[in-house]
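Residue numbers for the sequence shown follow my numbering, beginning at 102 and rising by one.
Glycine is no exception: its CB is placed at the ideal position from the N, C-alpha and C atoms.
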Amino acid sequence: MIEELLHENCGLFAIYGAKKAAELTYLGLYALQHRGQEASGIVSSDGHKFCQLKGMGQVNDVFASKEVLAGLKGQMAIGHNRYSTTGSSSVANIQPIQISYRGNRLLAVGHNGNLTNSTSLRKKLEKEGSIFQTTTDSEIILHLIAHSKKEKIEESLADALTKVTGAYSLVFITPDSILAARDPYGWRPLALGRLNDAWVVASETCAFDIIGARYQRDVQPGEILLINKKGLKSFYTSKKVKHAFCIFEFIYFARPDSMIFGENVDKVRRRLGHQLAKEKPADADIVIAVPDSSNTHTLGYSEQSGIKFEVGMIRNHYIGRTFIHPEQKIRDLDARIKYNPVKGVLKGKKIVIVDDSIVRGTTSRKLVGMLRNAGTKEVHFRVSSPPIISPCFYGIDMPTKEELIASTKSVEQIRRYLGVDSLGYLSIEGMLSMPSLPRENFCVACFSGKYPSKIENDIGKFALELK
Ligand code: SF4
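The following block contains the structure:
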């Protein structure tokens with residue numbers, strides 16, 4: 102994706118029964134950095150009390166030394182990388198969020214997703230006397246647990262989850278246990294693994310690979326896991342609903358080396374490229390990717406079409422969050438900072454450029470201008486997902502409907518806006534036939550405008566106002 106406009110809101114990691122659990126959590130979070138770069142946090146337990154460290158910035162910024170990690174004692178820990186979708190970007194909102202409730206019971210949560218009835222729940226809880234420490238929807242789940250009349254934590258959690266709607270993959274820590282849960286629709290991924298005798302839970306399996314853990318299975322939609330000294334207990338409390346796995350995880354968010362929803366991301370991404378080449382062929386000399394997120398899609402396009410894959414654009418990986426924009430007005434500087442065309446590859450060539458998606462189209466247009474300036478003869482733009490026409494309310498940060506270029510413009514209008522010789526998007530049907538799971542298991546709401554679940558009116562409004 103050219104524009105850094107779509108953000109996953111969180112990466113989760115949890116481990117039970119491992120020496121130096123916090124160190125392993127740090128590594129897991131490091132592998133999950135792509136799911137959230139705004140803040141990071143770890144809460145560990147030594148069996149009696151919690152140790153925690155949270156801060157703004159990337160994993161390496163927050164856990165800056167061995168000494169810092171050594172202070173996080175215990176054989177169990179949970180960790181969280183954050184990119185905010187609800188709740189502002191403030192220190193108070195960094196997760197895991199920790200509470201002490203009902204006679205000093207300790208509990209902390211890490212959440213990936215977005216609740217769709219948070220406004221009404223928050224109002225109700227505040228009316229009943231709850232005082233919130235944060236503006237996140239994740240804290241609502243903690244309050245609901247605290248309000249539950251059930252005695253055991255797993256029962257209180259199950260009770261709380263009957264009251265929330267929307268997307269949630271969750272990890273919890275108590276002084277002597279780890280819990281994990283996934284909403285019945287399964288929007289966000291969550292996997293279960295083993296590291297020797299330890300149990301590991303993570304948003305994506307790339308977090309298992311870094312510590313040498315083995316993938317066991319996904320935490321199933323609607324499942325709650327309790328892991329403690331008695332072992333692992335699994336149970337379901339919610340009614341079964343049609344699954345709604347986020348197809349965008351395959352297209353863009355997840356790392357290609359991860360397995361999500363039981364399938365290898367790289368394989369699905371490559372098949373999306375194959376299908377795109379079948380549906381939207383082009384007469385060209387070379388095919389190039391918008392690096393890095395579109396590399397695998399482009400390889401697929403090349404394999405299917407027989408058009409040679411070339412590295413026609415270089416991405417600068419060293420742009421820190423604090424890049425200072427110089428005073429001089431340089432045309433399209435924001436795009437140039439990040440990408441540079443390889444003139445020797447592009448000059449005089451008819452090219453296909455593959456991107457995984459187009460959001461606003463503004464940066465794509467600048468990039469096309471740069472490709473033209475590099476001396477390309479023709480530019481054919483191919484997108485390995487359908488036009489995005491509606492925002493996401495299930496945990497992906499998207500611009501407003503009006504800002505999504507495909508919500509107001511036809512493909513031909515977008516082609517003219519981008520200034521390309523041809524433009525082709527993958528069809529919804531083509532996209533849905535690429536994962537092995539049946540198509541009815543996926544959410545495609547941002548492409549179809551049809552949401553798999555009810556969204557509170559003011560949540561929709563709130564989500565739109567956020568941008
Ligand atoms: S609306 Fe789009 S981004 Fe959001 S969960 Fe559905 S498919 Fe994923």
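Delimiting residues of the alpha helix (DSSP H) encompassing residue i
i           : result
residue 181 : Not the alpha helix (DSSP H): residue 181 falls in the beta strand (DSSP E), residues 177-183.
residue 244 : 239-248
residue 398 : 396-406
residue 506 : 506-509
residue 375 : 366-380
residue 470 : 463-474
Three-state class that DSSP yields for residue i in the structure shown
i           : result
residue 552 : coil
residue 438 : helix
residue 204 : coil
residue 310 : helix
residue 354 : helix
residue 412 : coil
residue 419 : coil
residue 116 : strand
residue 143 : strand
residue 160 : helix
residue 332 : strand
residue 444 : helix
residue 547 : helix
residue 531 : helix
residue 110 : coil
residue 565 : Per-residue confidence for residue 565 stands at a pLDDT of 38, beneath the threshold of 50, marking its modelled position as unreliable; no derived number is given.
residue 260 : helix
residue 155 : strand
residue 286 : coil
Start and end residues, beta strand (DSSP E) containing residue i
i           : result
residue 133 : Looking at the DSSP string, residue 133 is not in any beta strand (DSSP E), and its letter there is neither H nor E.
residue 324 : 324-329
residue 315 : 315-319
residue 280 : 278-283
residue 168 : Careful: residue 168 lies outside any beta strand (DSSP E), inside the alpha helix (DSSP H) at 167-171.
residue 479 : 479-484
residue 387 : 387-390
Residues sharing a beta bridge with residue i, DSSP
i           : result
residue 96  : Missing from the structure shown is residue 96; the chain here goes from 102 to 568 and no further.
residue 301 : 116, 294
residue 267 : 216
residue 524 : 482
residue 361 : 364
residue 453 : 388, 481
residue 209 : 199, 274
residue 233 : Residue 233 is not bridged to any residue.
residue 347 : 544
residue 127 : According to DSSP, which records beta bridges pairwise, residue 127 is partnered with nothing at all.
Cutoff 8 Å: residue i Cβ touching any chain C Cβ
i           : result
residue 530 : The structure shown contains no chain C; it is built from a single protein chain.
What is the chain-ordered set of residues for which the beta carbon lies under 6 Å from any non-hydrogen atom of ligand 1?
For ligand 1, the selected residues are 288, 347, 348, 349, 493, 495, 497, 544, 545, 546, 547.
Would you check if the segment 509-523 and the segment 305-325 touch, i.e. whether three or more CB-CB distances between them fall below 8 Å?
no
At least 3 beta-carbon pairs within less than 8 Å: the segment 224-236 vs the segment 202-210:
no
If you pair each beta-carbon of the segment 146-165 with each one of the segment 232-249, do three or more pairs fall below 8 Å?
no
Would you be able to state if there are at least three C-beta pairs under 8 Å between the segment 524-532 and the segment 319-337?
no
Quick test of the definition: if touching needs 3 or more C-beta pairs under 8 Å, does the segment 400-417 touch the segment 434-451?
yes
Any chance the segment 131-141 sits against the segment 266-277, with 3 or more Cβ pairs inside 8 Å?
no
Between the segment 450-457 and the segment 396-409, do three or more beta carbon pairs fall short of 8 Å?
yes
Please determine if the segment 494-506 and the segment 478-486 are in contact, where contact requires at least 3 C-beta pairs separated by less than 8 Å.
no
Stretch-stretch touch, CB-based, cutoff 8 Å, three pairs: the segment 321-329 with the segment 278-290:
yes
Quick check: the segment 151-162 against the segment 339-356, are there 3 or more CB pairs under 8 Å?
Judged by Cβ distances under 8 Å, the segment 151-162 makes no contact with the segment 339-356, as fewer than three pairs qualify.
Is it a yes or a no for the segment 533-542 touching the segment 352-372, going by three-plus beta-carbon pairs under 8 Å?
yes
Give a yes or no on contact between the segment 503-514 and the segment 484-493, applying the rule of three or more CB pairs nearer than 8 Å.
yes
With three or more beta-carbon pairs closer than 8 Å as the criterion, would you say the segment 368-378 touches the segment 290-305?
no
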